[in-house]
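Protein chains: 2
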Amino acid sequence: MAKRPLILVTNDDGITAPGLRTLISVMHKLGDVVVVAPDSPQSAMGHAITINSTLHLEKVTIDGKQPEYSCSGTPADCVKLAVNEILDRRPDICVSGINHGSNSSINVIYSGTMSAALEAGIEGIPAIGFSLLDYNWNANFEHCKSFVEIITREVLSHGLADGVVLNVNIPNLEKKAIKGVKVCRQARANWKEEFDKRTNPMGREYYWLTGKFVNMDNGEDTDEWALANGYVSVVPVQFDLTAHHTIRSINTWKLND
Amino acid sequence: MAKRPLILVTNDDGITAPGLRTLISVMHKLGDVVVVAPDSPQSAMGHAITINSTLHLEKVTIDGKQPEYSCSGTPADCVKLAVNEILDRRPDICVSGINHGSNSSINVIYSGTMSAALEAGIEGIPAIGFSLLDYNWNANFEHCKSFVEIITREVLSHGLADGVVLNVNIPNLEKKAIKGVKVCRQARANWKEEFDKRTNPMGREYYWLTGKFVNMDNGEDTDEWALANGYVSVVPVQFDLTAHHTIRSINTWKLND
Numbered sequence: 010m011a012k013r014p015l016i017l018v019t020n021d022d023g024i025t026a027p028g029l030r031t032l033i034s035v036m037h038k039l040g041d042v043v044v045v046a047p048d049s050p051q052s053a054m055g056h057a058i059t060i061n062s063t064l065h066l067e068k069v070t071i072d073g074k075q076p077e078y079s080c081s082g083t084p085a086d087c088v089k090l091a092v093n094e095i096l097d098r099r100p101d102i103c104v105s106g107i108n109h110g111s112n113s114s115i116n117v118i119y120s121g122t123m124s125a126a127l128e129a130g131i132e133g134i135p136a137i138g139f140s141l142l143d144y145n146w147n148a149n150f151e152h153c154k155s156f157v158e159i160i161t162r163e164v165l166s167h168g169l170a171d172g173v174v175l176n177v178n179i180p181n182l183e184k185k186a187i188k189g190v191k192v193c194r195q196a197r198a199n200w201k202e203e204f205d206k207r208t209n210p211m212g213r214e215y216y217w218l219t220g221k222f223v224n225m226d227n228g229e230d231t232d233e234w235a236l237a238n239g240y241v242s243v244v245p246v247q248f249d250l251t252a253h254h255t256i257r258s259i260n261t262w263k264l265n266d
Numbered sequence: 010m011a012k013r014p015l016i017l018v019t020n021d022d023g024i025t026a027p028g029l030r031t032l033i034s035v036m037h038k039l040g041d042v043v044v045v046a047p048d049s050p051q052s053a054m055g056h057a058i059t060i061n062s063t064l065h066l067e068k069v070t071i072d073g074k075q076p077e078y079s080c081s082g083t084p085a086d087c088v089k090l091a092v093n094e095i096l097d098r099r100p101d102i103c104v105s106g107i108n109h110g111s112n113s114s115i116n117v118i119y120s121g122t123m124s125a126a127l128e129a130g131i132e133g134i135p136a137i138g139f140s141l142l143d144y145n146w147n148a149n150f151e152h153c154k155s156f157v158e159i160i161t162r163e164v165l166s167h168g169l170a171d172g173v174v175l176n177v178n179i180p181n182l183e184k185k186a187i188k189g190v191k192v193c194r195q196a197r198a199n200w201k202e203e204f205d206k207r208t209n210p211m212g213r214e215y216y217w218l219t220g221k222f223v224n225m226d227n228g229e230d231t232d233e234w235a236l237a238n239g240y241v242s243v244v245p246v247q248f249d250l251t252a253h254h255t256i257r258s259i260n261t262w263k264l265n266d
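Line order of the protein sequences matches chains A and B.
To convert a position in the first sequence, counted from 1, into our numbering, add 9.
To convert a position in the second sequence, counted from 1, into our numbering, add 9.
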C-alpha cells in the first residue's frame with residue numbers, strides 16, 4: 010500500500026471511553042485515523058440501527074490528533090454515517106473497541122462492538138472488534154497494544170475473506186502472562202439469567218437483568234478455552250447466518266401440500 | 010406429544026400489532042398460548058438486551074383468550090423474562106412475528122423479530138420468526154395463516170437441529186399466487202444507505218437513515234430468489250457465527266512473534 014491506510018475507529022462504550030483512546034493511539038502507528046463513535050454508551054445494543062428517529066453528528070475535539078465525530082446513534086449507525094457522509098474515500102479497515110468487557114462466544118450476538126465491525130464487513134470493509142476481559146471503566150489497556158497492532162497489521166496485509174470480520178478478545182492478565190494468540194471457533198455457551206425483582210417506592214414491581222455465564226463447550230479449539238488458558242482469542246465471524254448443514258434435512262419435511 | 014404444546018408468542022412490532030394477533034390466532038389451533046411482547050415497537054433493534062435500565066412487565070388483557078404480558082424491553086428481553094419469570098415450564102416452541110416487513114437476507118442481522126427467535130434458540134427452545142413482505146400496519150395477513158400453521162406443525166413434530174432457528178418470510182401476494190414453500194440460504198445482499206440530511210428549526214443539522222436494498226446474489230437457492238418468484242422462504246439460521254472455513258487460512262498469519 011503506497012498511501013497510508015485510512016482507518017475508521019469506533020466503539021460501543023462511547024467516544025470518551027479509555028478503551029477507544031487506547032485503540033486510537035495504536036492506530037496512529039498504522040495509518041490515518043478518523044473516529045466516529047457514539048456520544049453515549051451503547052453496550053448490549055446488538056445490531057440495532059436508528060430508523061424511527063433522527064441522527065445527530067457533531068465534530069468534536071478530544072485529543073486533537075485526528076478528526077472525531079460524536080454520533081447520537083448506535084455503533085452500526087456510526088459506521089453507516091462514516092462511510093456514507095463523513096469519509097471521502099472508503100476506509101482500508103475499520104476497528105471497533107477496545108471494549109470494556111468480554112465479547113467472546115455467545116456475547117458476539119449482543120455486542121455493540123461487534124455490531125460495528127459486522128456493519129463494516131457488510132459494507133465490504135475489513136473489520137476487527139477488540140475487547141478486553143475487564144468491565145471497569147479504568148481497566149488497564151496497556152498490554153492490549155501490541156496484540157492490537159500485530160493483528161491489525163496482519164489484516165491490513167492479508168485482507169479478510171469475503172463476508173468475514175474478526176472478533177478478538179484479550180485476557181485481563183499481565184503482558185508476560187499471555188501465552189500468545191489463538192485462532193478459535195465460538196464456544197457454545199449462554200447466560201443463565203437471574204432476574205432481580207424489586208418494588209419501586211410507588212409499589213410497582215420491576216426487574217434488573219442479571220445472570221451467570223455458562224460455558225457448555227469442552228472443546229479446546231474455542232475462544233473460551235483460549236481465554237481461560239492465557240491466550241488472546243481470534244474468532245473469524247460471518248454474517249451469512251445460514252445453517253447450511255441443516256437444509257438437506259429440512260427439505261425432507263412436508264412443507265408443501 | 011400427549012399434552013398440548015406450550016407456545017410462547019412474541020414479536021418486535023409491539024403487543025397490539027395485527028401481525029402478532031394473526032400469529033396468536035393460528036397458535037390456538039396448535040397448543041396453549043402465552044404472549045410476552047414489547048409494549049411499543051422495537052423494529053431494527055437487532056439483538057439488543059436491557060442491562061443498564063429496569064424492565065417492567067404488565068399483565069394485560071387484549072383479546073382475553075390467553076395470558077398476555079406487555080414488557081418495557083426488547084424482543085430478546087421478552088423471551089428471557091418469559092422463560093425465567095413467567096412460564097412455569099419450558100415452552101415447546103417460541104414463535105415471533107408476524108413481522109410487518111421483510112426479514113430476508115441481511116435483514117436477519119437487524120431484525121428484532123429474529124432476535125427473539127434467536128434468543129429462544131440460545132435457551133434451547135425450537136423457534137421460528139415469521140415476516141410478511143408488507144410494512145403497513147394494516148397489511149393483510151390472511152394468506153399467511155396456512156403457511157404459519159404448516160411450518161409450525163413440522164417444527165413441533167421434527168424439532169430443530171441444535172443451535173438452529175427458522176427465518177420464514179412470506180410474499181405479499183394472494184394465497185393462490187403463492188407457489189409453495191422453499192428451504193433457502195440467506196442471499197448476499199445489503200442496504201445502500203442514503204442519509205437524508207436536514208436542518209431543524211434551530212439551525213442544527215440532523216439525518217434520517219434511508220436506503221435502497223441491493224441483492225448482489227444471483228443464486229436460485231436464496232431467500233431473495235424464492236420471494237421474488239412467489240415462494241415462502243424458510244432459512245435455517247444459526248448463532249454460531251464462526252466462519253469455520255477461514256480458520257485454516259488465518260492460521261498461516263504471523264500472529265505470534
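Note that the Cβ used here is the ideal one computed from N, Cα and C, for glycine as well.
Values in this document were obtained by computation on a predicted structure and should not be read as measured data.
- Per DSSP, A:S79 is one residue of the beta strand (DSSP E) stretching across 77-80.
- For B:K201, DSSP records a beta bridge to B:K221.
- When the Cα atoms are used, B:E203 and A:D86 turn out to be separated by approximately 12 Å.
- By the neighbour-count definition (other C-beta atoms within 10 Å, threshold 16), A:M225 is an exposed residue.
- B:K74 sits exposed, since fewer than 16 C-beta atoms from the chains shown fall within 10 Å of its C-beta.
- For the region 17-38 of chain B, there are no residues whose beta carbon sits under 9 Å from a beta carbon of chain A.
- Measuring C-alpha to C-alpha distances from A:E151 to each of A:L17, A:S34, A:K12, A:N227 identifies A:S34 as the nearest.
- Collapsing the DSSP output to three states places B:I159 in a helix.
- Beta-bridge analysis with DSSP links B:R207 to B:Y215.
- Distance from the Cα of A:G228 is smallest, within the candidate group A:A196, A:D249, A:K206, A:G138, for A:A196.
- A distance below 6 Å between beta-carbons, with the five flanking residues on each side excluded, links B:D21 to the following residues of its chain, in chain order: Q51, S52, P84, G121, T122.
- Under DSSP, A:H109 forms a beta bridge with A:L141.
- Shortest Cα-Cα distance from A:I24 to any of A:K38, A:K12, A:K68 involves A:K68.
- Around the C-beta of B:V18, 16 or more other C-beta atoms lie within 10 Å, and the residue is accordingly described as buried.
- Counting along the chain, no alpha helix (DSSP H) covers A:A46; the unbroken beta strand (DSSP E) around it starts and ends at 41-47.
- Closer than 9 Å to the CB of B:G55 there is at least one CB belonging to chain A.
- For the pair B:V173 and B:L127, the Cα-to-Cα distance works out to about 8 Å.
- At the C-beta level, A:V157 and A:F139 come within 9 Å of one another.
- For B:K188, the secondary structure class from DSSP, reduced to helix, strand or coil, is coil.
- When DSSP reads this structure, A:C103 sits in a beta bridge with A:L17, A:A136.
- Of all C-beta pairs linking the region 54-68 of chain B to the region 90-98 of chain A, fewer than three are shorter than 8 Å, placing the two stretches out of contact.
- Membership of B:K89 in the alpha helix (DSSP H) is indicated by the continuous run 84-90.
- Fully contained in the region 221-252 of chain A are the following alpha helix (DSSP H) runs of length 4 or more, in chain order: 232-237.
- Note that the C-beta distance between B:R213 and B:L39 is not below 9 Å.
- When rounded, the separation of the alpha-carbon atoms in B:L32 and B:G106 is 7 Å.
- Check the Cα spacing between A:P14 and each of A:I60, A:E77, A:C103, A:A46: the tightest is with A:C103.
- When the beta-carbon positions are compared, B:S114 and B:D232 come within less than 9 Å of each other.
- For A:A136, same chain residues with a beta-carbon under 6 Å away, outside a window of 5 residues either side, are C103, A126, A129, G130, V174 in chain order.
- Between B:L236 and A:G189, the C-beta gap is not smaller than 9 Å, which leaves the two residues out of contact.
- DSSP lists B:S140, B:S242 as the beta-bridge partner residues of B:N178.
- Straight-line spacing of the CA atoms in A:S155 and B:A252 works out to 25 Å.
- When the beta-carbon positions are compared, B:Y240 and B:I159 stay at least 9 Å from each other.
- DSSP places A:L32 outside any beta strand (DSSP E); the residue lies instead in the alpha helix (DSSP H), whose first and last residues are 27-36.
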